[in-house]
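Asks: In our numbering, the protein residues as written are 1 to 310.
Backbone N, C-alpha and C define an ideal beta-carbon position, used for all residues, glycine too.
Take this structure, written in structure tokens, and hold onto it; I'll ask about it next.
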């Protein structure tokens with residue numbers, strides 16, 4: 001992976017920024033990266049008529065966002081970070097993606113927003129749209145009182161016969177390794193495997209011994225794949241905590257993350273590089289909606305966004 005040189009930090013005016021600024025300062029200074037602050041003011045709903053009052057409200061919101069950006073800029077600058085500011089109006093996810101592509105940023109960071117309809121779901125509409133459509137790595141930062149990352153977990157899906165999935169697993173491991181190195185935090189790696197069709201096999205006339213043997217061989221394959229992936233990406237097994245389990249990834253990945261009190265999950269997305277917007281599979285979508293921690297979502301190399309840049 002390329003080093004982090006150019007960070008886009010989305011400012012929305014809603015959250016206490018102490019922890020966010022602390023993490024961005026650490027990452028930017030350790031990586032030698034510059035930061036661009038972006039404030040996107042959502043356009044009013046179409047049924048609203050333009051009145052003097054609505055124009056004033058829009059201006060006041062712009063002023064509030066600009067005030068927050070200036071405060072964050074001052075804090076980052078005191079930490080030795082080079083900062084620039086940008087403001088625009090439009091649909092937030094679209095404008096964020098457009099700026100991400102035009103500016104050729106290495107990493108997009110934004111505060112996560114709780115789903116307004118279901119308060120225990122961390123990621124709201126804008127977050128999910130970015131997870132689905134933004135070609136750049138998206139770090140959805142959970143608002144928290146912690147000013148440092150204590151635990152980073154990487155979830156990898158491995159299938160050596162699928163070059164795209166293998167390349168994505170490599171990218172996920174590289175990002176996990178890079179971020180953990182920047183912030184000085186140990187890395188946990190989780191891989192969930194299962195035997196395809198095991199329930200059906202056990203319901204047929206196939207002997208339990210035969211199915212157990214098939215499961216044992218499948219486990220050995222996945223363990224070797226994981227060992228190979230770690231070695232390939234320069235991760236010594238004694239330097240990482242491995243979580244290797246058989247079962248349902250949708251259920252186990254959130255359970256493991258919650259058990260070890262993960263602060264940041266690094267996860268790859270299921271996609272096809274040549275199909276714009278074909279990103280998030282059922283497993284990834286379900287897993288993301290169960291997390292209550294920050295998430296760094298990585299796209300396949302060459303992913304094409306469906307958002308028009310003009």
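According to DSSP, is residue 91 helix, strand or coil?
Replies: Locating residue 91 in the chain shown gives position 91, counting from the first residue. The answer is coil: DSSP assigns residue 91 none of H, G, I, E or B.
Asks: I need the straight-line Cα distance from residue 130 to residue 141, nearest angstrom please.
Replies: Your numbering for residue 130 matches position 130 in the chain shown. Your numbering for residue 141 matches position 141 in the chain shown. About 13 Å.
Asks: Which full runs of the beta strand (DSSP E) of 3+ residues lie inside the region 110 to 192, going along the chain?
Replies: 138 to 141, 152 to 155
Asks: I need the straight-line Cα distance from residue 3 to residue 259, nearest angstrom please.
Replies: By one-based count along the chain shown, residue 3 stands at place 3. By one-based count along the chain shown, residue 259 stands at place 259. Answer to the nearest angstrom: the Cα atoms are 31 Å apart.
Asks: Taking the C-alpha atoms as reference points, what is the distance between residue 43 and residue 288?
Replies: Taking the first residue of the chain shown as 1, we reach residue 43 at position 43. Taking the first residue of the chain shown as 1, we reach residue 288 at position 288. Between the C-alpha atoms of residue 43 and residue 288 there is a straight-line separation of about 27 Å.
Asks: Does residue 139 pass the burial test, meaning 16 or more other C-beta atoms within 10 Å, or should it be called exposed?
Replies: By 1-based counting over the chain shown, the position of residue 139 is 139. Burial call: buried.
Asks: Report the partner residues of residue 297 according to the DSSP bridge assignment.
Replies: For the purposes of this step, residue 297 is identified with residue 297 of the chain shown, where counting begins at 1. DSSP lists 138, 267 as partners of residue 297.
Asks: When the Cα of residue 191 is compared with those of 171, 246, 27, which residue comes out closest?
Replies: As a working note, residue 191 is residue 191 in the chain shown. Ranking the options by Cα distance to residue 191, first place goes to 246.
Asks: Could you tell me whether the region 152 to 160 touches the region 207 to 217, using the rule of 3 or more Cβ pairs below 8 Å?
Replies: Counting Cβ pairs under 8 Å, fewer than three are found: no touch.
Asks: By Cβ distance below 6 Å, which residues in the same chain neighbour residue 241 in space, the five residues on each side in sequence not counted?
Replies: Stepping through the chain shown from its first residue, residue 241 is reached at position 241. If we look at residue 241 and ignore the five residues flanking it on each side, its Cβ neighbours are 188.
Asks: Going by the CB atoms, is the gap between residue 8 and residue 38 shorter than 8 Å?
Replies: The sequence position of residue 38 within the chain shown is 38, counting from 1. The sequence position of residue 8 within the chain shown is 8, counting from 1. For residue 38 and residue 8, yes; Cβs fall inside 8 Å.
Asks: On the premise that residue 29 lies in contact with residue 103, defined as a C-beta separation below 8 Å, what is that separation, rounded to the nearest angstrom?
Replies: The residue labelled residue 103 in the question sits at position 103 within the chain shown. The residue labelled residue 29 in the question sits at position 29 within the chain shown. Not confirmed; about 20 Å, so no contact.
Asks: Per DSSP, what are the beta-bridge partners of residue 241 in this structure?
Replies: Residue mapping note: residue 241 aligns to position 241 of the chain shown, counting from 1. Under the DSSP definition of a beta bridge, residue 241 partners with 188.
Asks: Heavy atom of the ligand SAM less than 7 Å from the Cβ of residue 251, yes or no?
Replies: With respect to small molecules bound, the structure shown includes none, and the ligand SAM cannot be examined in it.
Asks: Would you mind stating whether residue 97 and residue 175 have Cβ atoms separated by less than 8 Å?
Replies: For the purposes of this step, residue 97 is identified with residue 97 of the chain shown, where counting begins at 1. For the purposes of this step, residue 175 is identified with residue 175 of the chain shown, where counting begins at 1. It is not a contact, given that the beta carbons lie outside the stated cut-off.
Asks: Closest to residue 186 by C-alpha separation, out of 194, 62, 199, 154, would be which residue?
Replies: For the purposes of this step, residue 186 is identified with residue 186 of the chain shown, where counting begins at 1. The option with the nearest alpha carbon to residue 186 is 154.
Asks: Which first and last residues belong to the alpha helix (DSSP H) in which residue 226 is found?
Replies: For the purposes of this step, residue 226 is taken as residue 226 along the chain shown, with counting starting at 1. 208 to 232 is the extent of the alpha helix (DSSP H) around residue 226.
Asks: Distance, Cα to Cα, residue 164 vs residue 230?
Replies: By 1-based counting over the chain shown, the position of residue 164 is 164. By 1-based counting over the chain shown, the position of residue 230 is 230. When rounded, the distance between both Cα atoms is 17 Å.
Asks: Do residue 293 and residue 265 come within 8 Å of each other at the CB atom, strictly closer than that value?
Replies: Reading the chain shown from its first residue, position 265 is the one you call residue 265. Reading the chain shown from its first residue, position 293 is the one you call residue 293. For residue 265 and residue 293, yes; Cβs fall inside 8 Å.
Asks: Let's test the definition: count the other Cβ atoms within 10 Å of the Cβ of residue 309 and tell me whether it reaches 16, buried, or not, exposed.
Replies: Walking along the chain shown from the start, residue 309 turns up at place 309. The residue is exposed, with fewer than 16 neighbouring Cβ atoms inside 10 Å.
Asks: For the alpha helix (DSSP H) containing residue 327, name the first residue and the last one.
Replies: There is simply no residue 327 to check, as the chain begins at 1 and stops at 310 in what is shown.
Asks: Say whether the region 231 to 238 touches the region 195 to 213, bearing in mind that this needs 3 or more beta-carbon pairs closer than 8 Å, one atom from each stretch.
Replies: no
Asks: Pull up the CB-CB distance for residue 83 and residue 35, whole angstroms please, since I reckon it's below 8 Å.
Replies: Mapped onto the chain shown, residue 83 falls at position 83. Mapped onto the chain shown, residue 35 falls at position 35. So it is a contact: roughly 5 Å between Cβ atoms.
Asks: Residues in its own chain within less than 7 Å of residue 207 by CB, not counting five upstream and five downstream?
Replies: In the chain shown, counting from the first residue as 1, residue 207 sits at position 207. None.
Asks: If you follow the beta strand (DSSP E) that residue 4 is part of, which residue opens it and which one closes it?
Replies: Start at 1 with the first residue of the chain shown, and residue 4 comes out as number 4. Run containing residue 4: none; DSSP gives neither H nor E here.
Asks: Report the CB separation of residue 75 from residue 21 in whole angstroms; it is logged as a contact under 8 Å.
Replies: By 1-based counting over the chain shown, the position of residue 75 is 75. By 1-based counting over the chain shown, the position of residue 21 is 21. Yes, residue 75 and residue 21 are in contact; Cβ-Cβ is about 5 Å, under 8 Å.
Asks: Can you give the Cα-Cα distance for residue 225 and residue 290, rounded to whole angstroms?
Replies: The sequence position of residue 225 within the chain shown is 225, counting from 1. The sequence position of residue 290 within the chain shown is 290, counting from 1. Rounded to whole angstroms, residue 225 and residue 290 show a C-alpha spacing of 27 Å.
Asks: Let me see if you follow: with CB-CB separation under 8 Å, is residue 61 close to chain C or not?
Replies: No chain C is present in this structure, which holds just one protein chain.
Asks: Here's the rule: buried if 16 or more other CB atoms are within 10 angstroms of the residue's CB, otherwise exposed. What is residue 99?
Replies: The sequence position of residue 99 within the chain shown is 99, counting from 1. Label assigned to residue 99: buried.
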